[in-house]
Structures are given as C-alpha cells and as structure tokens.
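Enquirer: Attaching a single structure in structure tokens format; questions to follow.
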Amino acid sequence: MSQTVGDFILARLRAWGVEHVFGYPGDGINGLLAAWGRADNRPRFIQTRHEEMAAFAAVGYAKFTGKVGVCAATSGPGAIHLLNGLYDAKLDHVPVVAIVGQTNRSAMGGSYQQEVDLLSLFKDVASEYVQVVNVPEQLPNVLDRALRVALAERAPTCVILPADVQELDYSPPTHAFKMVPSSLGVRWPAVSPDDAGVRAAAELLNAGKKVAILAGQGARGARTELIEVADRLGAGVAKALLGKDVLPDDLPFVTGAIGLLGTRPSYELMRDCDTLLTVGSSFPYTQFLPDLHQARGVQIDIDARYIGMRYPYEINLVGDAAATLRALLPLLDRKEDRSWPETIEGNVARWWETVEREAHVEGKPINPMRLFWEASARLPDNTILAADSGSAANWYARDLRLRGDMRGSLSGTLATMGPGVPYGIGAKFGHPDRPVVVFEGDGAMQMNGLAELLTIARYWHEWADPRFVIAVLHNNDLNQVTWEMRAMQGAPKFTESQTLPEVSYADFARAVGLHGVAVDEPGQLGPAWDRALAADRPTILDVRTDPGFPPIPPHTTFERAKDTAEALLKGDENRRGIISAGLRTKVQELLPHRT
C-alpha cells in the first residue's frame, strides 16, 4: 500500500521523537486519524474532552518536559477551540505545534461547511510560523520548520492540512527548481556572552553593596550557577511567577515570588537594593522593581528581543543563563560585609512565620491558606505542581514552599482560567513516574476541570505512579474577581456574576472511578493530604474553603487596598456593606503582620 500524506506526517513526527499528540477528532482530520489507525497509534493520540484542553495539555507537556508539545484538531470550530491554549503558549514562550485540518482545496472560497480562513485565524497566535500544505512535496519541510521554529523561538506554530491533501499519495520534493528538501534534527549552541560585557557586568556587580537578583523561567537550567552567584554577592533572589521552581524556597536568601502575587521580602528586597541582576526574566511590572534611579542594573537573557526591557539596565548581556553566570563567577568578589544578606534572611524567616500564622487563622469552615500550608510539608520532593488562575494562583505563588526537584507552573502571562487540570494531564504523560498536584479554584474546575476528570479516568492506569491530586478550593465564589472588585473598585460582591452553583467534586470523582475526599474541617486537611498522596489512583480533594480571606498580596497591592480595609475597620458608612463583621475581624488580625 502506498504511503499517504497522513502516513508521512505521523512517520515524520516519530522521527522527530514526538511521542504524544493531544487532540480531538473531526472529519477535517479524518485522513490523519486513518493514518493513526495504520500506524498502531504512534505517536500516541491522547483524546481530551475539548480542543482547548488539548492545547493546554500540550503546553503543560512542553513546560514540564522541555520538549515540543503537539496538538491536533479538525477544521473550523476545532481549530478555533485551540486558540486559547495556543495563546497561553505564545505568551509564556512555550514550544507547541498545532496540526489542524481544513476543508478540501476544491471547496475553498465557496462558503463551504466549516470553511474558515485559518491562515488569518492563526497569523497572530502562530506568528512565528503558520503554513498550509497544498501539495505533498511541501513535506517534510513545512512540518520540520514548524517543529524547529517552535523550539528555536519557544513559540506556537501551526501546520494546516486540507482534508483531501491528507489522503493523497505522498511524494517527496525532488532535486529540482522550486522544490524545498528538508532534514531532521537540530543541534543547539550554548550562547556565550560577550567577554567585555561580562567584565563590565562583574565590575558593576562588585561595586554594589546591596545586590538583588530577579530570576525568571529562563534561569531554570542555571540553578547551581545562580546559587553560587547569590552567595558570592550576598544577594537575595526574588522569583518571577513562571520562575517559581528555578530555586527551592528553603534556601534562606530566596525571597519568593515578586509582583502582584508576590511576597513581602521580595518587595523589601527591591525597595532597598542598590544593584539589580535580572536573569532569564521579562517580568513586566516595573512598579515592583527598584525605583528607576535607585539601582544600577545588569540583565542576562538568551533572547535579544527581550533584553534591555522593563528597567534602565546599564549592561545587557545576550547569552545562555548558565553559561553567562559561569563566565561571571571568576570575576565576582565575595562580599565581606554580610549585613545585607543577614537582613534578607531575617526578612525571609519572618515571612514564613507570618505565612504559618496566617494559615492558622480560623476560617468558616477552612482558611484556604491552610490547604497550601499543609501541602508544603507533605509533597514529595519530585512533585510536579500546577495552579489554575484565580485565588489558587495567589496562594500557590506566596504560600507554597517548593523544595528539592519540584516543578511548578501556571498560565503566567495570559492568566487564563482552566489550564490547571490539562497542564497536569500533559505533565503526567511527560513524567508518568512522578506525582502531580493541581490547585484548582471551583470556578476553573466547573469551567474545564470536571470534564477532564474523564480523561484522567481513561488513562491513569497506564501511569507508573498513579498519584494525581487535584485540590479544589470549594467556596462557590469566583473569589479572585470578587476581591478585586472589593479592593480596587470599593464595590460589594455582585452575586449574579460571582456565585457558583453547588456541586460535590468528590462525588463526581468517585462516579468516574477516581478517589474523592471531601474536607470541611481544618483538622482533616493533613490526613486528607496523606490519604491522597498514598492513594492507588488519582484523587480529588474537595476542600470547603472560606471565601472571606482576601487573596491580596501582603505588600504594595495590599497597601493599594489598605484604605478600603481601614475604612471598613472604622465602619465607613459608604463601604460598610462590602464585607461582613467577621471578615473585618480577620482583616484586623492580619493587618499587623503586614506592617
């Protein structure tokens, strides 16, 4: 039997080492699906419940493996559904390739069923590379380029396959005019920085007395070097949200997250430093960095498009984070005055004491911070963590202590709802031997997570380690927006938009063959985590959390809302209806810890 274009596409993906394709079927990719049947399902087609979830799963797979994630969808509506997940990949700089169907070439321009101008649709989200395959001879080049560009640019790309092209006999490009042969694989260079630039950066850093380091996801492969540089400079290290897993939180000089969801010691680090070293981060919130004329700065980034942004750095070094820090180390003087690092370590220690106290403030029924605090002490050192957008992201950013080889991520830049569970699914297929934990608000769980429990139920038996825990913050409130309205608008809760319908997530889990644990008392949390992490199958922790705890950061964002909080405590008549008397008591308890 001759090889079709669909057969060749799958063979080429296998040759590139692609093992999983997350997708959903439709007649626009029937030629590919038939080829999958002939290929003994290699690479593995992982069926999610929705194309958007397929894209999110591909993003999670790519984030936690460092490999390219691949997703597939049919023409028209299937392709449209991919967009949100692909924008998540674009904004967080994640390599994902989308393979989408299209109506037959003969029908194009005829207002045919499911005919959508896919080149126009994808030209922004897949701006680095999007192409239609109109004849077999365009392959393998189009697919090879989509994979290479996705990896090189850390971006989503798209290959559009008309349905009739998928069924054509494959014929390779010839050695002829206007043919484009292609080849497999790529060897990536270690991008070394400019020597003179490194010397100038070392001089600047040596001159500083109070050095702060901001580390982002681009520093993930430079953990050892980052620790050595921080020790040499006596620096504190704040982490951008996507870089939360770059360094463990049990290092005494690691101040935790920075920014809207950040910690107080990170705020203090930036407020008081005289020198800033940014490594692998394009952190956008300038107001959380030192004042513009306060600190001298050095930036290190492998991508020249993001160098010199956000702050008036004096020296901008384009290079691999690990290679650049290794080049810097021999030129850095060890700071003999350790008063600055001692101050940082004191601030960090005090912060974790505050987090513990806040986590043990009584809730009705459960303080959400307690869920994260109890998890921190119990999670295995090789856990992969995902958090959904909303209040879960706040507690993940500030209250969860990463250690060992833990990995963690969320939708950092798009901040879209719904990727938490599919991120976990992608992580599980990338690392079936590691435990995965997802922190999910009940809004996101109802939006996307419940349906994807069916996907987990279908595939979990294949994973070497069956532990997949989804902790649902069950408060029947779209809590993040409720509190944003209170803090930023001075507006009371608008029930029609904010209140969620009641559902038992534990019962739903049990109904599809998973383990479900309902928790409605604080004392049950620790044992519930122990049961979930020892279970022989995926577990949903259905935790009744108190929506009255504000997921507002304990420094500048909090202080922007402080006038509202203090007005409430004083009984301001114009704002009295925003929160209850019980919540005013909680705010009063927490305020002293934030000063």
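Anchor point for the sequence shown: position 178 equals 178 in UniProt numbering, and the numbering is continuous, going up by one each time. Even for Gly, the Cβ is constructed at its ideal location relative to N, Cα and C. All values reported here derive from a predicted model rather than from experimental measurement.
Could you tell me which of Asp433, Lys178, Ile540 sits nearest to Ile470, measuring between CA atoms?
Expert: Stepping through the sequence shown from its first residue, residue 470 is reached at position 470. Ile470 has its Cα closest to that of Ile540, out of Asp433, Lys178, Ile540.
Enquirer: On the CB-based measure, 16 or more other CB atoms within 10 Å of its CB, does Trp529 come out buried or exposed?
Expert: The residue given as residue 529 occupies position 529 in the sequence shown. With 16 or more Cβ atoms within 10 Å of its Cβ, Trp529 is classed as buried.
Enquirer: As an exercise, report each continuous alpha helix (DSSP H) stretch of at least 4 residues that is fully enclosed by the segment 168 to 213, in chain order.
Expert: Runs found: 195 to 207.
Enquirer: Taking only three categories from DSSP, how would you classify Val96?
Expert: Taking the sequence shown and counting its residues from 1, the one referred to as residue 96 is at position 96. Three-state DSSP puts Val96 in a strand.
Enquirer: By alpha-carbon positions, which one of Asn347, Asp88, Gly66 ends up nearest to Asp272?
Expert: Translated into the one-based positions of the sequence shown, residue 272 becomes position 272. When each option's Cα is compared against that of Asp272, the closest is Asn347.
Enquirer: Compare the Cα-Cα distances from Val517 to each of Glu374, Gln3, Asp465, Asp542 and report the closest residue.
Expert: The count along the sequence shown starts at 1 and reaches residue 517 at position 517. Closest option to Val517, Cα to Cα, is Asp542.
Enquirer: For Asp572, does the three-state DSSP call read helix, strand or coil?
Expert: Taking the first residue of the sequence shown as 1, we reach residue 572 at position 572. Note that Asp572 has pLDDT 41, beneath the 50 cutoff, so the model's placement of it is unreliable and no number is given.
Enquirer: CB Ala461 to CB Ile384, shorter than 8 Å?
Expert: Locating residue 461 in the sequence shown gives position 461, where the first residue counts as 1. Locating residue 384 in the sequence shown gives position 384, where the first residue counts as 1. One point to set straight first is that residue 461 is His, not Ala, in the sequence displayed. Taking 8 Å as the Cβ cut-off, His461 and Ile384 do not qualify as a contacting pair.
Enquirer: Among residues of its own chain, excluding the 5 on either side of Gly17, which ones have a beta-carbon nearer than 8 Å to its beta-carbon?
Expert: Looking up residue 17 in the sequence shown gives position 17. Answer for Gly17: Lys67, listed in chain order.
Enquirer: Check this for me: beta carbons of Pro368 and Trp395, under 8 Å apart or not?
Expert: Counting from one through the sequence shown, the residue named residue 368 turns up at place 368. Counting from one through the sequence shown, the residue named residue 395 turns up at place 395. Closer than 8 Å, so yes.
Enquirer: What does Arg407 pair with, by DSSP beta-bridge criteria?
Expert: Within the sequence shown, the letter at position 407 stands for residue 407. DSSP lists Ile384 as partners of Arg407.
Enquirer: I need the DSSP call for Pro368, collapsed to helix, strand or coil.
Expert: For the purposes of this step, residue 368 is taken as the residue at position 368 of the sequence shown. In the structure shown, Pro368 sits in a helix (DSSP, three-state: H, G or I).
Enquirer: Less than 8 Å separating the beta-carbons of Ala62 and Leu86?
Expert: Residue mapping note: residue 62 aligns to position 62 of the sequence shown, counting from 1. Residue mapping note: residue 86 aligns to position 86 of the sequence shown, counting from 1. No, these two residues do not count as a Cβ contact at 8 Å.
Enquirer: Determine the contact status of Lys428 and Val438, defining contact as a CB-CB distance below 8 Å.
Expert: In the sequence shown, residue 428 corresponds to position 428, counting from 1. In the sequence shown, residue 438 corresponds to position 438, counting from 1. Taking 8 Å as the Cβ cut-off, Lys428 and Val438 do not qualify as a contacting pair.
Enquirer: Flag this pair as yes or no: are the beta carbons of Phe45 and Tyr170 separated by less than 8 Å?
Expert: If you number the sequence shown from 1, residue 45 lands on position 45. If you number the sequence shown from 1, residue 170 lands on position 170. Cβ distance not < 8 Å, so Phe45 and Tyr170 don't count as in contact.
Enquirer: My output table needs one value for Ile9: the three-state DSSP class, helix, strand or coil.
Expert: Translated into positions along the sequence shown, residue 9 becomes position 9. Reduced to three states, the DSSP call for Ile9 is helix.
Enquirer: Flag this pair as yes or no: are the beta carbons of Gly234 and Lys335 separated by less than 8 Å?
Expert: Position 234 of the sequence shown, counted from the start, is the residue given in the question as residue 234. Position 335 of the sequence shown, counted from the start, is the residue given in the question as residue 335. Their beta carbons are under 8 Å apart, which means Gly234 touches Lys335 by this criterion.
Enquirer: Restricting to runs no shorter than 3 residues, where is the beta strand (DSSP E) found entirely within the segment 210 to 294?
Expert: Listed in chain order, they are 211 to 215, 236 to 239, 254 to 257, 275 to 279.
Enquirer: Rounded to the nearest angstrom, what separates Leu119 and Val132 at their Cα positions?
Expert: Along the sequence shown, read from residue 1 onward, the residue named residue 119 stands at position 119. Along the sequence shown, read from residue 1 onward, the residue named residue 132 stands at position 132. Distance between the alpha carbons of Leu119 and Val132: 8 Å.
Enquirer: Decide if Asp249 is buried, meaning its Cβ has at least 16 other Cβ atoms within 10 Å, or exposed.
Expert: Mapped onto the sequence shown, residue 249 falls at position 249. Buried, since its Cβ has 16 or more Cβ neighbours within 10 Å.
Enquirer: Starting from Glu484, trace the alpha helix (DSSP H) in both directions and tell me its first and last residue.
Expert: By one-based count along the sequence shown, residue 484 stands at place 484. Run containing Glu484: 479 to 484, per the alpha helix (DSSP H) assignment.
Enquirer: If you count every other CB in all the chains shown that lies within 10 Å of the CB of Gln299, and 16 or more means buried, which is it?
Expert: Working through the sequence shown from its first residue, we reach residue 299 at position 299. It counts as buried.
Enquirer: Is it a yes or a no for the segment 90 to 99 touching the segment 149 to 167, going by three-plus beta-carbon pairs under 8 Å?
Expert: Flag = yes, the segment 90 to 99 and the segment 149 to 167 touch.
Enquirer: Is it right to say Ala377 is buried, meaning 16 or more other beta carbons lie within 10 angstroms of its own, or is it exposed?
Expert: Here residue 377 refers to the residue found at position 377 when the sequence shown is read from its first residue. Per the 10 Å Cβ criterion, exposed.
Enquirer: Along the chain, where does the alpha helix (DSSP H) containing Gln166 start, and where does it finish?
Expert: For the purposes of this step, residue 166 is taken as the residue at position 166 of the sequence shown. Segment 163 to 166, the alpha helix (DSSP H) holding Gln166.
Enquirer: For the alpha helix (DSSP H) holding Val59, just list the boundary residues, first then last.
Expert: Counting from 1 along the sequence shown, the entry for residue 59 is found at position 59. First-last of the alpha helix (DSSP H) with Val59: 51 to 65.
Enquirer: Over what stretch of residues does the beta strand (DSSP E) that includes Arg317 continue unbroken?
Expert: Mapped onto the sequence shown, residue 317 falls at position 317. It is worth fixing the name first, because residue 317 is Leu in this sequence and not Arg. Start and end: 315 to 318.
Enquirer: Once you ignore the five residues that flank Gly443 on each side, which residues in its own chain have a CB closer than 7 Å to its CB?
Expert: Start at 1 with the first residue of the sequence shown, and residue 443 comes out as number 443. Here the set comprises Gly390, Met417, Leu478, Leu500.
Enquirer: From which residue to which residue does the beta strand (DSSP E) around Gly297 run?
Expert: Here residue 297 corresponds to residue number 297 of the sequence shown, with the count starting at 1. Note, Gly297: beta strand (DSSP E), 296 to 301.
Enquirer: If you compare alpha carbons, which of Ala150, Ala359, Arg338, Asn141 is closest to Tyr129?
Expert: By one-based count along the sequence shown, residue 129 stands at place 129. Tyr129 has its Cα closest to that of Ala150, out of Ala150, Ala359, Arg338, Asn141.
Enquirer: Taking Gly197 as the reference, give the member of Gln498, Asp27, Val318 with the closest Cα.
Expert: Locating residue 197 in the sequence shown gives position 197, counting from the first residue. Of the candidates Gln498, Asp27, Val318, the one whose C-alpha sits nearest the C-alpha of Gly197 is Val318.
Enquirer: From which residue to which residue does the beta strand (DSSP E) around Ala535 run?
Expert: Here residue 535 corresponds to residue number 535 of the sequence shown, with the count starting at 1. Premise fails: Ala535 is in no beta strand (DSSP E) and is neither H nor E.
Enquirer: From Phe558 to Thr354, what does the alpha carbon distance come to, in whole angstroms?
Expert: For the purposes of this step, residue 558 is taken as residue 558 along the sequence shown, with counting starting at 1. For the purposes of this step, residue 354 is taken as residue 354 along the sequence shown, with counting starting at 1. The predicted model places Phe558 with a pLDDT of 44, which falls under 50 and marks its position as unreliable; any figure quoted below should be read in that light. Each residue's alpha carbon lies about 15 Å from the other.
Enquirer: Can you tell me whether DSSP reads His431 as helix, strand or coil?
Expert: Counting from 1 along the sequence shown, the entry for residue 431 is found at position 431. Note: His431 maps to coil in three-state DSSP.
Enquirer: So Tyr311 packs on Leu276, CB below 8 Å; how close in whole Å?
Expert: Residue numbering aside, residue 311 sits at position 311 when the sequence shown is read from its first letter. Residue numbering aside, residue 276 sits at position 276 when the sequence shown is read from its first letter. So it is a contact: roughly 7 Å between Cβ atoms.
Enquirer: So, Gly420 versus Gly449, is the Cβ gap smaller than 8 Å?
Expert: Locating residue 420 in the sequence shown gives position 420, counting from the first residue. Locating residue 449 in the sequence shown gives position 449, counting from the first residue. Yes.
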